[in-house]
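Protein chains in written order, with full-length UniProt numbering: chain A, 1 to 210; chain B, 1 to 210; chain C, 1 to 210; chain D, 1 to 210. For each residue, glycine too, the CB sits at the ideal point set by N, CA and C.
Protein chains: 4
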Amino acid sequence: MVEPERQRDAVRTRAELLAVATEVFSESGYSGARVDEIAERTRTTKRMIYYYFGGKEGLYLAVLEEAYRGIREAERGLDVGELGPLEAMRRLAETTYDHHVAHQDFIRLVAIENIHRGEHMRRIESLRDLGQPAMSLVDEVLARGRDEGVFRADVEAFDVHLVISAYCVFQVANQYTFGHLFGRDLAAPENAAHLRGLIGDVVVSWLTRR
Amino acid sequence: MVEPERQRDAVRTRAELLAVATEVFSESGYSGARVDEIAERTRTTKRMIYYYFGGKEGLYLAVLEEAYRGIREAERGLDVGELGPLEAMRRLAETTYDHHVAHQDFIRLVAIENIHRGEHMRRIESLRDLGQPAMSLVDEVLARGRDEGVFRADVEAFDVHLVISAYCVFQVANQYTFGHLFGRDLAAPENAAHLRGLIGDVVVSWLTRR
Amino acid sequence: MVEPERQRDAVRTRAELLAVATEVFSESGYSGARVDEIAERTRTTKRMIYYYFGGKEGLYLAVLEEAYRGIREAERGLDVGELGPLEAMRRLAETTYDHHVAHQDFIRLVAIENIHRGEHMRRIESLRDLGQPAMSLVDEVLARGRDEGVFRADVEAFDVHLVISAYCVFQVANQYTFGHLFGRDLAAPENAAHLRGLIGDVVVSWLTRR
Amino acid sequence: MVEPERQRDAVRTRAELLAVATEVFSESGYSGARVDEIAERTRTTKRMIYYYFGGKEGLYLAVLEEAYRGIREAERGLDVGELGPLEAMRRLAETTYDHHVAHQDFIRLVAIENIHRGEHMRRIESLRDLGQPAMSLVDEVLARGRDEGVFRADVEAFDVHLVISAYCVFQVANQYTFGHLFGRDLAAPENAAHLRGLIGDVVVSWLTRR
DNA sequence: GATGAATGAGCTTTCATTCAT
DNA sequence: GATGAATGAAAGCTCATTCAT
Numbered sequence: 001m002v003e004p005e006r007q008r009d010a011v012r013t014r015a016e017l018l019a020v021a022t023e024v025f026s027e028s029g030y031s032g033a034r035v036d037e038i039a040e041r042t043r044t045t046k047r048m049i050y051y052y053f054g055g056k057e058g059l060y061l062a063v064l065e066e067a068y069r070g071i072r073e074a075e076r077g078l079d080v081g082e083l084g085p086l087e088a089m090r091r092l093a094e095t096t097y098d099h100h101v102a103h104q105d106f107i108r109l110v111a112i113e114n115i116h117r118g119e120h121m122r123r124i125e126s127l128r129d130l131g132q133p134a135m136s137l138v139d140e141v142l143a144r145g146r147d148e149g150v151f152r153a154d155v156e157a158f159d160v161h162l163v164i165s166a167y168c169v170f171q172v173a174n175q176y177t178f179g180h181l182f183g184r185d186l187a188a189p190e191n192a193a194h195l196r197g198l199i200g201d202v203v204v205s206w207l208t209r210r
Numbered sequence: 001m002v003e004p005e006r007q008r009d010a011v012r013t014r015a016e017l018l019a020v021a022t023e024v025f026s027e028s029g030y031s032g033a034r035v036d037e038i039a040e041r042t043r044t045t046k047r048m049i050y051y052y053f054g055g056k057e058g059l060y061l062a063v064l065e066e067a068y069r070g071i072r073e074a075e076r077g078l079d080v081g082e083l084g085p086l087e088a089m090r091r092l093a094e095t096t097y098d099h100h101v102a103h104q105d106f107i108r109l110v111a112i113e114n115i116h117r118g119e120h121m122r123r124i125e126s127l128r129d130l131g132q133p134a135m136s137l138v139d140e141v142l143a144r145g146r147d148e149g150v151f152r153a154d155v156e157a158f159d160v161h162l163v164i165s166a167y168c169v170f171q172v173a174n175q176y177t178f179g180h181l182f183g184r185d186l187a188a189p190e191n192a193a194h195l196r197g198l199i200g201d202v203v204v205s206w207l208t209r210r
Numbered sequence: 001m002v003e004p005e006r007q008r009d010a011v012r013t014r015a016e017l018l019a020v021a022t023e024v025f026s027e028s029g030y031s032g033a034r035v036d037e038i039a040e041r042t043r044t045t046k047r048m049i050y051y052y053f054g055g056k057e058g059l060y061l062a063v064l065e066e067a068y069r070g071i072r073e074a075e076r077g078l079d080v081g082e083l084g085p086l087e088a089m090r091r092l093a094e095t096t097y098d099h100h101v102a103h104q105d106f107i108r109l110v111a112i113e114n115i116h117r118g119e120h121m122r123r124i125e126s127l128r129d130l131g132q133p134a135m136s137l138v139d140e141v142l143a144r145g146r147d148e149g150v151f152r153a154d155v156e157a158f159d160v161h162l163v164i165s166a167y168c169v170f171q172v173a174n175q176y177t178f179g180h181l182f183g184r185d186l187a188a189p190e191n192a193a194h195l196r197g198l199i200g201d202v203v204v205s206w207l208t209r210r
Numbered sequence: 001m002v003e004p005e006r007q008r009d010a011v012r013t014r015a016e017l018l019a020v021a022t023e024v025f026s027e028s029g030y031s032g033a034r035v036d037e038i039a040e041r042t043r044t045t046k047r048m049i050y051y052y053f054g055g056k057e058g059l060y061l062a063v064l065e066e067a068y069r070g071i072r073e074a075e076r077g078l079d080v081g082e083l084g085p086l087e088a089m090r091r092l093a094e095t096t097y098d099h100h101v102a103h104q105d106f107i108r109l110v111a112i113e114n115i116h117r118g119e120h121m122r123r124i125e126s127l128r129d130l131g132q133p134a135m136s137l138v139d140e141v142l143a144r145g146r147d148e149g150v151f152r153a154d155v156e157a158f159d160v161h162l163v164i165s166a167y168c169v170f171q172v173a174n175q176y177t178f179g180h181l182f183g184r185d186l187a188a189p190e191n192a193a194h195l196r197g198l199i200g201d202v203v204v205s206w207l208t209r210r
């Protein structure tokens, strides 16, 4: 089934605007991003931003929604089914690490949204409780480990997810200031394996009861 | 020896601008902050920003430098000398938590600076390797624990500091998005004790792991 | 083939800005000219200066380029083909005089540009060696006179052009100070004929010197 | 007779301001010159400009007056008494040339004043008819030449002075634009002798013409 | 005479947005 | 659906000048 030319162009134009806007907002923040710059990096004109998204804010909202949607999609790919709970939890933490390293634009957008105290996000219905799926996976592995007696029983899935997220987000989001303060480059390839293993270690040590 | 009125006023004017600017930049980011708004919240005029700081960017640099200086000063107050290494480490992690909760403006500034990829920070000489003092304390406690045989020997002070910082920063910096995604308020008083104890637990479990 | 309304307006808007800017820069110099004043004398707004010329300096560059282009165009109209070399040279000098009197705005712009040590001019590619055409005409008349034995052979076209230009430019550019110092009005109609004849005399006497 | 300290300092301060202001106005024009810059290049402060000269304009007026006074002083040094009228006239033209090359700041100030249509100059009483002395010398030489039958009788001193001034001023004042247009550097040492001799030639040829 | 602090008015420039076709 | 031209409001910044001591 083929869409008519016009419509396909419309879809393409919209998608291109969204992709470029994601880049620009992520690079410069909401206030720092320039509508002109977004348009210029596109094959369309500024006018289309108003046509499709109503304005700068509408475009930003669309970028935010799309970005979270994409991340959730990516999270669905995560699978630790065949591993024992201990290895599964380590895999989960380390894969989360990889995932964050691979989606720095998204993490920047989230930081920007936090600067704005989440006020835009709160207006996007589809983002409500979007965290659940990711946490369910943690919960499942945690429960398995608890049942098998390898994990302590007094830790919630939320806590585990918080500790993993904090580490993974921080190491991307704060790489510039933290790196500068300690004279280390968190993004350097030679540090990657160590930093990746670290969060696995931390979480597994923490959860493994004696 | 008393300073002349005029000069004292100058110091006050400069300090007031700096204080207000810290608030405004922290609230709105670099691009979002308005020079006019900063001035309006002050007893002086916009003109003085240019007189004392050369411009918006100069003011932001001064804010950043002053903020880091203040934090370092506060860190100096940390003392865990009389505690055993295990309790000292827990105290260190939890005090760091308190400290971050108490200085949200600073954490927001750091997030803003990371959005700008640390480009301003890099131009402030006094911030080079400013992290050392904080890390030395971790190092000292870690060494004591290692010597006493209670801490594992394969973990560096940098790693410990990274894990603690990540947790403490994240839970302030990302409170809006993370809270919204999971329907929990990280800043709610009833969660404070739990969140505070958590990082202590994590670090101690990790380091005491054989 | 008719251009669309909109586009024709754009051309008109741009041209109007250029014309008014020529006046204002010529009246007040580069620093003395006010972007606001230029806009006010126009049917458009200040914003259009930035839209079409990028800023005050871009506008000034456009004014300079256009002014030189206009002058060169006017110089093309000069024709002394049928006159003998002696009369041709006199005509050339005196027509140059007329020409300068008729384009005082241009001469003022040139004076302004010299105050700035030609720094803007140097950045306009189209002005490089723009003087050649004017000098070629002098060269041709000079050569004819030399061949016919009425002009001395040891004078270059450049020298002749320099002497003529100096006189014609000075008498416009320095009319205010020179006039005041000697209590004479170089622009007074009753002096015009004498001042015009003078440069013809000077050049012809000089070149026919045995 | 020794002046009291205080007074001598006052004289020195005033003189220093005047000297620096001459430079700055000459470099940047009236509007382009910055009161702050003038003060900064001085050992005094901005306040002194207001104390001694009343403001920017007063300072500019003082600069203008002082500059003309200095030039007139220099002109007094001119002496062609023992030469024959022909050689005297050539010497006069060529010395005027030297004089202009040596006082480029002054010529720039004059150009600036002409941009402002001489409006400041007109308010300085001491500059009225300041040109007379310079012209008297021309007049005297011209008269001698006329009496001896070597100079034509139909040329006024004013005309001669105009031709000489035009050439000498132009070649300094318009050096940047003229030089660029023709790809020649009027200020290059290797051109000096030729350009200097030129005006002598022109004037002498013109005046000896029968 | 001198000084550092302060200032209002106005300058150039930028921005998201809308209009006319 | 699309486009180039246009715009008002407000932003950051600069200037000559004056004040308080």
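Check: residue i C-beta below 7 Å from any heavy atom of the ligand GTP
i	result
B/I49	With respect to the ligand GTP, the structure offers nothing, as it holds no ligand at all.
Min CB distance residue i to chain B below 8 Å
i	result
A/V2	Residue placement at A/V2 cannot be trusted, given a pLDDT of 48 that sits under 50; what the coordinates show is reported in the next sentence. Not closer than 8 Å to any Cβ of chain B, the Cβ of A/V2 fails to qualify, so no.
A/Y60	no
A/A39	no
A/L181	yes
A/A15	no
A/E94	no
A/G70	no
A/A19	no
A/F170	yes
Test: residue i CB closer than 8 Å to a CB of chain A
i	result
B/M135	yes
B/Y97	no
Given residue i as reference, the closest of the options once Cα atoms are compared
i	options	result
D/V101	D/E87, D/G58, D/A173	D/A173
A/G149	A/T22, A/Y52, A/G84	A/G84
C/V141	C/H116, C/R122, C/H194, C/V204	C/V204
A/D9	A/S26, A/Y52, A/F25	A/Y52
C/A187	C/G197, C/Q171, C/P133, C/L181	C/Q171
B/E119	A/L207, A/R196, A/F178	A/F178
B/E16	B/G32, B/T45, B/A134	B/T45
Run of the alpha helix (DSSP H) containing residue i, from where it starts to where it stops
i	result
A/F174	Note that residue 174 of chain A is Asn in the sequence shown, not Phe. Element bounds for A/N174: n/a, residue is neither H nor E.
B/E65	56 to 76
B/H194	189 to 208
A/F53	46 to 53
A/T184	Thr is not the amino acid found at residue 184 of chain A; the sequence shown has Arg there. That residue, A/R184, is in no alpha helix (DSSP H); it is neither H nor E in DSSP.
A/V138	132 to 147
residue 216 of chain B	This structure does not reach residue 216 of chain B, given that chain B is present from 1 up to 210, and the question cannot be answered.
A/A39	35 to 40
CB contact check: residue i to chain D, cutoff 8 Å
i	result
C/F25	no
C/G145	no
Minimum Cβ-Cβ distance from residue i to chain C less than 8 Å
i	result
D/T22	no
D/Q104	no
residue 211 of chain D	The structure shown has nothing for residue 211 of chain D, since chain D only spans 1 to 210.
D/Q29	Strictly speaking, residue 29 of chain D in this sequence is Gly, with Gln absent from that position. Yes, because at least one Cβ of chain C sits closer than 8 Å to the Cβ of D/G29.
D/F151	no
For residue j and residue i, believed in contact at Cβ under 8 Å, the rounded distance
i	j	result
residue 266 of chain D	D/L61	Any question about residue 266 of chain D goes unanswered here, given that chain D covers just 1 to 210.
A/I107	B/I112	Wrong, their Cβ atoms sit about 15 Å apart, outside the cutoff.
C/D139	C/A157	4 Å
Q. If contact means a Cβ-Cβ distance below 9 Å, which residues of the segment 109 to 130 of chain C contact chain D?
A. V110, A111, I112, E113, N114, I115, H116, R117, G118, E119, M121, R122, L127, R128, D129, L130
- Check distances from the C-beta atoms of the segment 188 to 208 of chain D to those of chain C and list, in chain order, the residues that come in under 9 Å. H194, L195, L198, I199, D201, V202, V203, V204, S205, W206, L207, T208
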